[in-house]
Every structure is written in structure tokens, then in C-alpha cells.
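In the UniProt record's numbering, the protein residues as written are 1 to 1092.
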Amino acid sequence: YNSPKNNITCAEWDKFIKSIPPPFILGGDFNVHNQVFGSSYTDTKGRSLLEAIHDNNLVYLNTGLPTIVKNINQTNESALDITICSPQLAPFFTWSLLDDTMGSNHIPILMESNDNIINTTSRLNIRKWNIKKADWDSFRNNINEHVLSTDSYTDFMAALNYANENSIPKQSYNKGNKCNNWWNDECKEAIEKRKQTFKQYVQNSNFDNFLKYKKQTALTKLILKNCKKTHWKQFCEKLNKSTPIGDIWKKIKLLSKPVNSYMPLVQGDWCVDFINKLAPPFVQNKIEFENNTNESSHMLLQHFTINELNKAIKHHSNTAPGMDNIHYPMIENLPAPAKVILLKLYNVMWTKGEFPDEWKNYLINPILKPSKNRQSCDSYRPIALSSCLLKTFERMIKYRLEWWLEHNKMLPESQFGFRKGKSVHDCQIQLATDIYSGYTVNKVTLALFLDFTAAYDNVQLPILAEKMKSQKFPAKFIKNIINLILNRNIYIKINDKIEGPVVSKIGLPQGSILSPVLYSVYVKNLENIITQNTKLLQYADDVCIYTTKRTMEECKQELAVVVDKLYKWMLDNGLSISESKSVICPFTRKRRLNLSNELYLSGRRFPCEMSAKFLGVTMDKTLNWKIHIKNVEAKIGKYLNILRATCHRKWGADPEISLLYYRATIRAVLDFGCFLYGQAKKTVLRPLEILQNKCLRLCLGFLNSTPVDILYAEACEIPLRHRIQIISDRYVLKLMSRNRKIYTQICHLNEKILTYAFWKKKAAPVYTNSFMFISEFKNIIFSNDTIPIYSTEYNYLYKDINVSTSTDLGAKPEEFRNAVFEEFMENNWPQTYRIFTDGSKLDNKVGSAMYDPQLKFCEIAQLSEYASVYTAEVVAIIMALKYILSLSLFNSKKCTILSDSQSVLNKIANLNKSRNLDHLFVEILELMSLLAERGISVNFVWVRGHCAIKDNETVDMIAKEATKSGEIANIKLTPSDLKNHITNKAIKNWQAEYESNEKGKFYKTFVNKLPRKPWFQGLGLNKCNIMTISRLRSNHAVCGAYLYKINIRASPNCSQCNVQEDFTHVIMECPKFNTEREKMLKILYRYLEAPF
1 YNSPKNNITC
11 AEWDKFIKSI
21 PPPFILGGDF
31 NVHNQVFGSS
41 YTDTKGRSLL
51 EAIHDNNLVY
61 LNTGLPTIVK
71 NINQTNESAL
81 DITICSPQLA
91 PFFTWSLLDD
101 TMGSNHIPIL
111 MESNDNIINT
121 TSRLNIRKWN
131 IKKADWDSFR
141 NNINEHVLST
151 DSYTDFMAAL
161 NYANENSIPK
171 QSYNKGNKCN
181 NWWNDECKEA
191 IEKRKQTFKQ
201 YVQNSNFDNF
211 LKYKKQTALT
221 KLILKNCKKT
231 HWKQFCEKLN
241 KSTPIGDIWK
251 KIKLLSKPVN
261 SYMPLVQGDW
271 CVDFINKLAP
281 PFVQNKIEFE
291 NNTNESSHML
301 LQHFTINELN
311 KAIKHHSNTA
321 PGMDNIHYPM
331 IENLPAPAKV
341 ILLKLYNVMW
351 TKGEFPDEWK
361 NYLINPILKP
371 SKNRQSCDSY
381 RPIALSSCLL
391 KTFERMIKYR
401 LEWWLEHNKM
411 LPESQFGFRK
421 GKSVHDCQIQ
431 LATDIYSGYT
441 VNKVTLALFL
451 DFTAAYDNVQ
461 LPILAEKMKS
471 QKFPAKFIKN
481 IINLILNRNI
491 YIKINDKIEG
501 PVVSKIGLPQ
511 GSILSPVLYS
521 VYVKNLENII
531 TQNTKLLQYA
541 DDVCIYTTKR
551 TMEECKQELA
561 VVVDKLYKWM
571 LDNGLSISES
581 KSVICPFTRK
591 RRLNLSNELY
601 LSGRRFPCEM
611 SAKFLGVTMD
621 KTLNWKIHIK
631 NVEAKIGKYL
641 NILRATCHRK
651 WGADPEISLL
661 YYRATIRAVL
671 DFGCFLYGQA
681 KKTVLRPLEI
691 LQNKCLRLCL
701 GFLNSTPVDI
711 LYAEACEIPL
721 RHRIQIISDR
731 YVLKLMSRNR
741 KIYTQICHLN
751 EKILTYAFWK
761 KKAAPVYTNS
771 FMFISEFKNI
781 IFSNDTIPIY
791 STEYNYLYKD
801 INVSTSTDLG
811 AKPEEFRNAV
821 FEEFMENNWP
831 QTYRIFTDGS
841 KLDNKVGSAM
851 YDPQLKFCEI
861 AQLSEYASVY
871 TAEVVAIIMA
881 LKYILSLSLF
891 NSKKCTILSD
901 SQSVLNKIAN
911 LNKSRNLDHL
921 FVEILELMSL
931 LAERGISVNF
941 VWVRGHCAIK
951 DNETVDMIAK
961 EATKSGEIAN
971 IKLTPSDLKN
981 HITNKAIKNW
991 QAEYESNEKG
1001 KFYKTFVNKL
1011 PRKPWFQGLG
1021 LNKCNIMTIS
1031 RLRSNHAVCG
1041 AYLYKINIRA
1051 SPNCSQCNVQ
1061 EDFTHVIMEC
1071 PKFNTEREKM
1081 LKILYRYLEA
1091 PF
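Structural data, given as C-alpha cells:
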């Protein structure tokens, strides 16, 4: 765009044109007049532009038609919109004007290209299957007909594609944009009328036609605006509990999507650089593998089982398919015989180390990073789409590999990324705790936050193979893994076209299932660079190295030694550091540091800043958290705008849906790292509390004058300060259970807080307060640095357990239930040894019991008062299994354990598909395996409780007696058992504040105890009704007294009665509303005998 005020000379045009790399097409509103382009006259600016076009050997594509709709009082035509291109492109484009102005006075220009333009790319012509409309019954039938005779992967794929073709429709291919949901016949008719009036005006340019065109243009704009507004209102009004959650999130994602995500990728030099970065042509591909025939018994090389395959299929995330166009739901819906054949093919591949050529094809989607230069290859994140069949296979390998590495403690302690039981918060809290410890004794902590340049993409596969060999991986396993990821065919997707293939012999594909764990293996020896006085934290490729010393100079010297070792390690491993993106940040109480913007460590320059973002949390020099909280405010602002758009007081979304959105987005942002920033001063945290209040007001439609106590009570949302404490308590509880190193570190900090003078006038970190509370439960919570699933045998995790939950006798007459039950047991499990189990909780006392009706023997155990009934049921089953195992003269080889806890039995039935198990369920697996080794089979049967089944009623009475048995058994609980206790403690503190606050007295007369769920939940009321009733409950709504309070009225009194116009007066007294009052009372009398 060139402003009319600009008077650009020919030399300036020449300089501008030469700055554009050819070939190019340049179009825009140049605001110049030249008869050559289509204007009625030529001005100086038009001559200058035309001269520059000729001097640079360019071509203008305008055909001489005017591009501006002239007013009726104008006599001259204007062509201000000009299109210029390089001469080699001119033959391939046709310039024309549209017959519709789209409501603008500039006529849109249409540039059409033909198919003769030289292309280095091919069009991506893969139409995805419409999974939502799949006929899965037909799919399974087709698979059963064709796949059973297959014995090769090619035949299997042919059968799969045949079933797809006959059972699943393909998505329609639409070259243009999808029609907007608000578009209707009225919009279409308005557009057609605008076109007609424009044609009439062009054909006969008189005043009447001009006036008709202008009126129709204005009317069309109004119609389109109203249609959009009406559609949005209708959508918001439909947002209620009956709306499919998928539809809600689809719309929310569209609203939340950043603007640059809609913009198409622009081809340019960055594409070539991007490809060369992923597949550099100079990489050596020499990897030698050993042949060791004695490794076949190694667990990593054994054949996969059907339970491993089912677990891998169950835990997919339904990501996009690869170039073979096979989706996860297709694999999930394979019939059992087809899964057996697929497993057989997988095992053949694993044994031979040969994999299908299709698995080598990776479609790379370049994802533009936020606020990055679109013309730089480093601005894109390469996300690899591979075959879902390959990813399923990789997931089975991953489960084995993870277990083997964790079981043998082969991963570095400093690596927290993509490991069960570890999180980004572990890194953050470890760093923060060391910083606070340094503050205590007035020491300086200097941290170096490193940015690895394309870490996954630069992994050297020969080096990875050598590292795996040095860590005692089986040679055949190494060969198989390298063969899976070596020589990948890379296709780059640019909009609807693809570049490639090029062969990649380097790196781990981003998006691959195996990449994170292989990268952890690759960087395992990074810990060797750390000196005695430095520490290392890793979360995948995010690395922090820090040290704590008396002075800044000592810190710099210590880090310089590590940096020197780090660069040598990088050189040996083919990785590199982006020094400009890495940051050094000091953490100290000292005010004067005399630091420049850059620091040199071992001769290398790093930016030095007073704050740094580490894994999503911004840490500043004094850990006052001001910068981080400002960042949180900015992030919440985007979600708050969506709430504003959907929560109109008259036609907005259902408050339940609004609160659901608030909890999933805004509250999730507030929760992240809150146990770190929760230590900030009240004045620093206050903006977040205000934002939270705004959100709840929008969700429920309360006025600004409504006290916040009422807001939180009506929404059943715990205030921020109490929620921070809950999250902190739960996190420290998890640390005590699974990471005793960090828990001990917090313990040492807590000792310093209690003894050093520095903390007397300073608020202690929130998580140290949690430590003091959680430490009381140290003796009753299970604690182990190794997660239970990694401490047991691998084959135990995939054991089949027979569970039946179909024994529902509730519909049978009570006098016949025992007979029917006996008949059912004899028909399904004849001559089995029966043991009944139960758990009970009475008066905050918990007990477990098992009962052997054959020997009339029972065993009981009283658990801690914090144990849940669920845990009591699990413990009772463990007692039963141990009892069976202890019977020395156990003649029967078949046993049935009966329990009335359906949830526990459902969990036991799916233990071989669960990714994470607590120590109690792992113990069940171990006991079941020991019994199987002795030839004893155990079945689990559900029986409905309190159905007069004799033995079940007996064990129920025994379990109740167990709650009073006296001495509490030494049975460790899980962290989940304490969750309710932690929440109840916070609610108790909130209740005390609620009662002590003098505001909202009217509301507290009938809501004296904080509710656990909103009053409107499940009532089916619309937004307007809920808002009105809520305002009445709060005694804050639009009436005379309220309008006077906010200075809109001069008096709070009723204009007719001359008394204060409050709710009581409006509803019960004012004669202006007699008619409405009579209608209301008639309705109330239908439901209540005497409402007033």
C-alpha cells in the first residue's frame, strides 16, 4: 500500500524493486494514475512508477480496466490497484476483475495461473478416511474374510485397504474454503442483489443506479453482520450439558487458535535449508553391528505377546496418520484373529530385523514457532507423521525398553523428561530449593540455561549405536532400532504439496514414539561433565547447569570449567549449542552485581539476564515472581476474551459449560507452577485473584458489586490461595512417595527456614509449609524411588486375569437369591474354592476382611483412618491371595475370590493394559504369578453387595468389625488416599474465612455451609434464569438501591412508593408489579402449600 500523501520518485521505486528477489509478483494499492494502467489521466507519480517498471524490465498485468468504483459526481476513471511481475512469470498468469466488489470501492483482482508453471513439487493427493462415518461392523467382517489367509505385510495392508474401501467413506475434497456456518439463503440473496446493482451501475452510470448500489452495499453489510451475530448467539445458547463435548472444544480451539496458524506456508529458500537440515547430504552411514547368537533369551529380543499389542493399541493418542493413510481407529477395531496375524507379522519383523519399506516414509509438517520469521528454516518445528502401524510397533518396544532401563537404573538421575513419575516441576522445584538455600546464607546461584540446536535432528546414529553397545544393549536390539530409523524417506508438506523424497541418515524423528527414550540414552553421559560443586537438570533437550558460591566470580569460574567440558562433549556427540538463545541468570539477595548484558565463560559469550524462563516458569533474580505472574496474566487474557464472547448475560452459554471451560483453560494456567509462585506477596498475587473473580462473574452473570465470597460459593470454586496450598500439598505428597531425593532437599531447606534469621521477615515457600503438613504421614504412605511397575518382573505386568462382573442378582426375589447364586457359580466355576472379601469404613475407621466359608475362617485388618474404601477392598483381595498361597494342604487348583467392589475388579481385569499401577495392584500381580507357578488358578467374581447372599453378608459384618479391631495393620497407603484429606483441610480453612467475613450476610443466612456442587447443576435452566436467580440469592441485582450505589440514580427510593427500592420491595410490596406478583404466587402455590 502506498499512501496518497507519498510522492515516490523513480529512483526510490527502483531501489524498492531491486530489494525484492526475483522472480516475483507485486500487487497492491499504489495510488498512482496512469492511462496505461486504466486511469483517465496520468500524474507525476504514475509516470515515475511506469518509468521504474521499464527500467527494471518488469511487466504490468493490468488490462486497462478501472479498478475503482467511481462516485456519480466523478468523471474520471481510476486504476489505483496495479499488478507487476517478472517477465518470465507473465505468460503464466491471467489478470481480470471480479464482478462483485465485496462491499468495497476497490474492485477485487483475480490472478489465475495455468498448469504450465515449472513445479519442483508434487501435489499431495491423499484423501483421508472419514472415520466418524465408518461402519465398523462391516469393517470387521471384511477383515475376517480377507486377512485370515495373509502371511505377509503386503497382503495384510491389501486386506486392510479393501476393508477401508468397503466400510469407510473418504473425506470430501474441497479446494476452496469451507462454507461458514452462519451463511444462509438470506446472505446469498443479499450478495446476488449487490452484484446486480453493481452491474446496473457499471452499464448505466446515473444517480439512481449509483444510489441503489450504495444502499444495497450497506444493506448487505448489515445482513451479513446480523447473520454472524445471530449464529453466534444461537451457538452460545446451545452450549449446555447436552451439547457434545467434541463440538464445544472444536469451536473453542478455533477461537483460541493464533492468527499465524491460519496463514499458508510460503515457499522460498527456507524450504531448501529446512530439507538440508533434516537430511544433510554429507552424513556418513557406516555402522557396524555384532552378531551375538547368545542373546536370544534377552527380554528385549523376545517375541511380543498379544497383551503387549493390546496395551499398545489401547494407549494410542489418535494422532494423524502417515502416508499409508491408516488411522489408529482402524487398528483399534481389528477383530481378534486379525490382531493375532498382525502380532505374528510384528514378531517376524523383529526376529529378522527387516521392516516394510512403507515404514521408512515420513511426512514432515513444518510448524511455525510463535512470533518467528517465516523465511528462516530455524523458525519451523519438524513434526514427523509416520505409519500408525509403525507407531504401534514402536510403542511395544518402548514399553519394554523403558522397563529395562528403569528396572536396571540405567537412565541418569538428572533426566526428568518423558519418564513416569517425573515431571517438569521436579526440575523447577529442585532449582528453586537450591536458590532459596543460597539466599539463606547469602550465597549467589548462577544458572546457565542451555538451548541445544535441533537436538533430536542432530543425533548421530553411529554414536547412538556405540553408546547402546557400551550400556550392554543386545547387539540385535541395537541393529533393529537403527534399521527402524536409518535411511528415512523424508517428504516435506508445504500446504497441499510435498517436496521429496530425500533420504535422512541422521537424527531421531520428532513425533516418533521411541525418540524421547533414545535421546535419554544418547545424552546419558552428559552428567560426566558436572563437577562436585555444580548440578545438572535435564528435561529432554532443555538443560540447566548451575552452581552456588559465595561470590559471583567463584560461580563464573566453576561454570567455566563445566562449559569447557560441555563443548568438548558436544563436539564428540555431534550436538551444538545456540549461544545467543542460551541465557545466564544470577539468583542472589545482593543488589549490586555489576554485571554486563553478556558473560564470557571459557571464552564463550552468553547473554546475561536478570530473569529466565525455565520449563514454562519465569524465574527472576530474587524469586519475587513478578515477571512470571505478569506472563500468566497475559496468557489468561486470551482465554478471558473467549469467556466474554460466550458468556453474554441474556443469551450466553450455560454456566456449567462456562465453568468447565474456565477450569480446563484459565484455572489450568493458574495451577501450573503455583506452588512456586504462591510464595509471592499478596500485592503481587492480587492481579491473578482479580482475574479469577472476573472469570467467575462472567460465567455466572454476577454484578461487579457481588462479594467474592458469594462468587466462589455459587461456583463451588476454591479461592486461589487455598487451591495453591492443595496443589502444593499433593505435589509434596507425591515427592515423598516417589522422589525421596528432592523430598530430602526440601527437608534441609525447611530446617534452614526454622533456624536462620533471613526467613523471620520473609514468607517461606508454599511447598515447605506443605512439607511440614505432609511429613506427618511419612510412616503410612508407600515410598520408593522406583515406580512399582519398574520394581517387579516385566512378564507379571502382562498377566491375564479372569474377572466376571455379570453376577447381578439385584432383580431376583430375595428368598431365591442364594439358590440362584449357587446355580450361577456351579454353572460357571464348578467345584472352586471360594473366598469372600470386603472393605468397610465407619466413623472414619477403615477395615478389610476375607472370609473362607469352607473352613469358616476369617482374617481382618484395620487400616489407617485416611485409607479409602477402595483401598480397603484392594487390601482385602491381597489378604485373600496371601491366604491361598499360605495354605499348605490346598488340594483344589481352582479358586474364586468374590468381592462386591465392581470398580476394583474392573481395574484388576485391565491390569495388563494399565500404564501405571500403585504398589497394591503390583502386589496382586506378583501374588497371582506365584500362584500360577504352583498351578493354582484364581478367578475374580463380582457379587452385588447387600443382596442377602449369605457368605457375602458374613464378610460384610466381619469387615465392619475390622474397623474396631484395635491395632492398625502396617499396610502402606497410596498418595491418592490422602487427596480427600488434603482437600477437606483446605475447605475447612476456607469455611472459617467464609464465616468470619462480614460481607454477603443476606446470602449466608441460607447458605451457611459451603456447597460442594452448584445449586443449578442438573436443573436444565437457561443462562438468563440461572443469572436472575443467582442475583436474587446474592441480593445484588439491578434495582433502585443498586443504581443509587453506583451513582446512576440520584435516590435509592422507589419513584412511586418513596421507600428504598430493594428486592423485598420490588417482589413483595411495590404496586407497580401487582400483576407479575400474582402470576408468580399462582405458580408457587402449585408446588408449595404456603410459600409466604
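Don't be surprised by glycine CBs; every beta carbon is placed ideally from N, CA and C.
In this text, all values refer to a predicted model and were calculated from it rather than measured experimentally.
Short Cβ contact (7 angstroms threshold) for residue i with residue j
i: Asp-43; j: Tyr-1; result: no
i: Asn-361; j: Met-323; result: yes
i: Ile-877; j: Thr-832; result: no
i: Thr-963; j: Lys-845; result: yes
i: Pro-335; j: Asn-164; result: no
i: Val-583; j: Phe-449; result: yes
i: Trp-270; j: Ser-96; result: no
i: Asn-142; j: Asn-166; result: yes
i: Thr-433; j: Gln-745; result: yes
i: Val-922; j: Pro-788; result: yes
i: Ala-384; j: Gly-511; result: yes
i: Asp-137; j: His-106; result: no
i: Lys-907; j: Asn-818; result: no
i: Leu-749; j: Ser-437; result: yes
i: Pro-66; j: Ala-79; result: yes
i: Ile-718; j: Gln-862; result: no
i: Leu-363; j: Lys-493; result: yes
Limits of the unbroken beta strand (DSSP E) element including residue i
i: Glu-598; result: 598–601
i: Cys-895; result: 894–899
i: Leu-863; result: 857–863
i: Leu-26; result: 25–29
Boundaries (first-last residue) of the alpha helix (DSSP H) holding residue i
i: Trp-183; result: Counting along the chain, Trp-183 falls outside any alpha helix (DSSP H), and DSSP gives it neither H nor E.
i: Asn-144; result: 136–146
i: Pro-329; result: 328–332
i: Ile-17; result: 10–18
i: Trp-942; result: Here Trp-942 belongs to no alpha helix (DSSP H); instead the beta strand (DSSP E) covers 937–942.
i: Gln-902; result: 902–909
i: Thr-744; result: 740–755
Whole-number beta carbon distance between residue j and residue i, since they are thought to touch under 8 angstroms
i: Ala-680; j: Asn-641; result: Ala-680 to Asn-641, Cβ: 25 angstroms. No contact.
i: Leu-461; j: Leu-486; result: 6 angstroms
i: Lys-556; j: Leu-508; result: With 8 angstroms as the limit, Lys-556 and Leu-508 do not qualify as a contact, their Cβ atoms being about 34 angstroms apart.
i: residue 1097; j: Cys-1039; result: The question about residue 1097 has no answer here: the residues shown for the chain are numbered 1 through 1092.
i: Leu-61; j: Trp-13; result: Not a contact, Cβ separation roughly 17 angstroms.
i: Val-669; j: Val-617; result: Actually they do not touch by this definition, with Cβ atoms about 12 angstroms apart.
i: Tyr-539; j: Leu-615; result: 6 angstroms
Next item on the list: Go through the segment 592–657 residue by residue and report every complete run of the alpha helix (DSSP H) that reaches 4 residues or more, in order.
Entry: 626–646
Notebook entry, point to check: Residue ranges of each beta strand (DSSP E) run of no fewer than 3 residues wholly in the segment 76–117, ordered along the chain?
Noted result: 81–85, 93–97 and 109–113
Margin query: Under 8 angstroms, with one C-beta from each stretch per pair, do the segment 389–409 and the segment 699–717 reach the 3-pair mark?
Written below: Output reads no: the segment 699–717 does not touch the segment 389–409.
Margin query: With a threshold of 8 angstroms, are at least 3 pairs of Cβ atoms found where one atom belongs to the segment 747–763 and the other to the segment 792–808?
Written below: no
Check: Hey, is the segment 574–593 in contact with the segment 416–426, meaning 3+ C-beta pairs nearer than 8 angstroms?
Finding: no
Notebook entry, point to check: When the Cβ atoms of the segment 726–739 are set against those of the segment 687–695, are three or more pairs found closer than 8 angstroms?
Noted result: No contact exists between the segment 726–739 and the segment 687–695.
Next item on the list: Report yes or no: do three or more beta-carbon pairs, one from the segment 337–353 and one from the segment 309–328, lie closer than 8 angstroms?
Entry: yes
Note to self: Quick check for students: name the residue ranges of the alpha helix (DSSP H) that lie wholly in the segment 409–451, counting only runs of 4 or more.
What the structure shows: 424–440
Next item on the list: Say whether the segment 466–479 touches the segment 777–793, bearing in mind that this needs 3 or more beta-carbon pairs closer than 8 angstroms, one atom from each stretch.
Entry: no
Check: Would you say the segment 311–321 touches the segment 532–546, given that touching needs at least three Cβ pairs under 8 angstroms?
Finding: no
Note to self: For a minimum of 3 consecutive residues, which ranges assigned as the beta strand (DSSP E) are wholly contained in the segment 347–400?
What the structure shows: Counting only runs of 3 or more, we get 361–368 and 380–385.
Next item on the list: Give a yes or no on contact between the segment 968–984 and the segment 773–785, applying the rule of three or more CB pairs nearer than 8 angstroms.
Entry: yes
Item checked: Those runs of the alpha helix (DSSP H) which lie wholly inside the segment 510–582 and span at least 4 residues -> 515–522 and 552–573
Checklist line | Validate contact between the segment 1005–1024 and the segment 642–656 using beta carbons, cut 8 angstroms, 3 pairs | finding: yes
Margin query: Please give the ranges of any alpha helix (DSSP H) in the segment 268–311, keeping only runs that are unbroken, at least 4 residues long and fully inside the region.
Written below: 269–278
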